[in-house]
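Structure, as structure tokens:
Number of protein chains: 2
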Amino acid sequence: MPDIHDEAALRLAALDQRYTPNRREIVQVLAGAERPLTINEIVDVAPSVPVSSAYRSLTVLSDAQVIRRVAGNDDTGRFELAEDLSGEHHHHLICSNCGTVVDVAASPRLEKALAEAAKAAAEESDFEVHEHRIDLVGRCSNCQ
Amino acid sequence: MPDIHDEAALRLAALDQRYTPNRREIVQVLAGAERPLTINEIVDVAPSVPVSSAYRSLTVLSDAQVIRRVAGNDDTGRFELAEDLSGEHHHHLICSNCGTVVDVAASPRLEKALAEAAKAAAEESDFEVHEHRIDLVGRCSNCQ
DNA sequence: TTTACTGCAAAGGGTTTGCAACATG
DNA sequence: CATGTTGCAAACCCTTTGCAGTAAA
Chain G
285 MPDIHDEAAL RLAALDQRYT PNRREIVQVL AGAERPLTIN EIVDVAPSVP VSSAYRSLTV
345 LSDAQVIRRV AGNDDTGRFE LAEDLSGEHH HHLICSNCGT VVDVAASPRL EKALAEAAKA
405 AAEESDFEVH EHRIDLVGRC SNCQ
Chain B
285 MPDIHDEAAL RLAALDQRYT PNRREIVQVL AGAERPLTIN EIVDVAPSVP VSSAYRSLTV
345 LSDAQVIRRV AGNDDTGRFE LAEDLSGEHH HHLICSNCGT VVDVAASPRL EKALAEAAKA
405 AAEESDFEVH EHRIDLVGRC SNCQ
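Respectively, the protein sequence lines represent chains G and B. Going by the numbering used here, 398 is the number at position 114 of the first sequence; the sequence numbering is gapless. Going by the numbering used here, 394 is the number at position 110 of the second sequence; the sequence numbering is gapless.
Printed below as a string of structure tokens:
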């Protein structure tokens, strides 16, 4: 498993993009988080990065598959490291009240059932399924 | 199974809200769609409804559980009829290119596996899980 | 006759972009 | 040096809100 930053630099290079201190800092922040972060949360932790640059960097990093955009319950964009960089496959618990997103490990049994269902759905609908997303929506301990 | 509009009126009444022609038209549009619609799509089909009213009505209908907001891959809000009004439980195919969301029927096997996984996750994380969401992300036939 | 609803227009908030300066390969 | 990147500020777009008028219980 290569270093996250080395791999990030590689993936950016494939798009003729550079791995600048700005982008490195964003990746570092996401690598240190145990849940997807909003742009606000990111720039709060990395105040040296201007908001506009954060938006641009997140777009580029997302294009390069270094990070991934996560859809929550609200329209606030959240970001996490790409799964193949961060470690293991996981899903999300989403609080319908405050919008917080928490990671949760995937279960093999569930993954197997999902793989079957995805195959069937793809055939039926002429979709080419690349990935899946399972969200459990409810109330976090703070909002119950 | 009562009529959709009767049931919608009931649920609104429970919140001291009225089932006006505006709201009825929105429900009618969503009832006739076979996939979640964006606000733009809704007002395109129902031009008599001003945009600001559409936003307000969708909020109220959503609070009353007549409709449900659906998160796609982008930040565009999409809406569909509540599942208990529209018929059967389903999941979504999301095109990562154009953002379109298509309904797909749920499989019993998948639901069972998910129920187990949700139980485990809820216990671990102190979440109170109310519903789940399964999205298959890929390319629709148009965007392949 | 009280309370909810509507529609317009203005305000708001998050995101994107133009541009000139800078940095990197 | 050619191209990608940055930071500021302005522009943008979608969504929300104030308000005065309307309609429904």
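Quick reminder that beta carbons are idealized off the backbone N, C-alpha and C, glycines included.
- B/Glu372 and B/Ala389 do touch by the CB rule: their CB atoms are close to 7 Å apart, below 8 Å.
- In the DSSP assignment, G/Leu365 forms a beta bridge with G/Ile351.
- With respect to the C-alpha of B/Gln301, the residue from B/Leu345, B/Pro331, B/Ile310 having the closest C-alpha is B/Leu345.
- A residue is called buried once 16 or more other Cβ atoms fall within 10 Å of its Cβ, and G/Cys379 is buried on that count.
- Less than 8 Å separates the beta-carbon of G/Glu412 from that of B/Gly422.
- Closer than 8 Å to the CB of B/Glu400 there is at least one CB belonging to chain G.
- Separation of G/Leu365 and B/Pro331 (C-alpha to C-alpha, rounded to the nearest whole angstrom) is 42 Å.
- Counting only unbroken stretches of 3 or more residues, the beta strand (DSSP E) elements lying wholly within the stretch 365-398 of chain G are 374-379, 385-389, in sequence order.
- Bounds of the alpha helix (DSSP H) holding G/Asp328 are 323-329.
- Under DSSP, B/Gly356 forms no beta bridge with any residue.
- Distance from the CA of B/Ile326 to the CA of B/Leu314, rounded to the nearest whole angstrom, comes to 8 Å.
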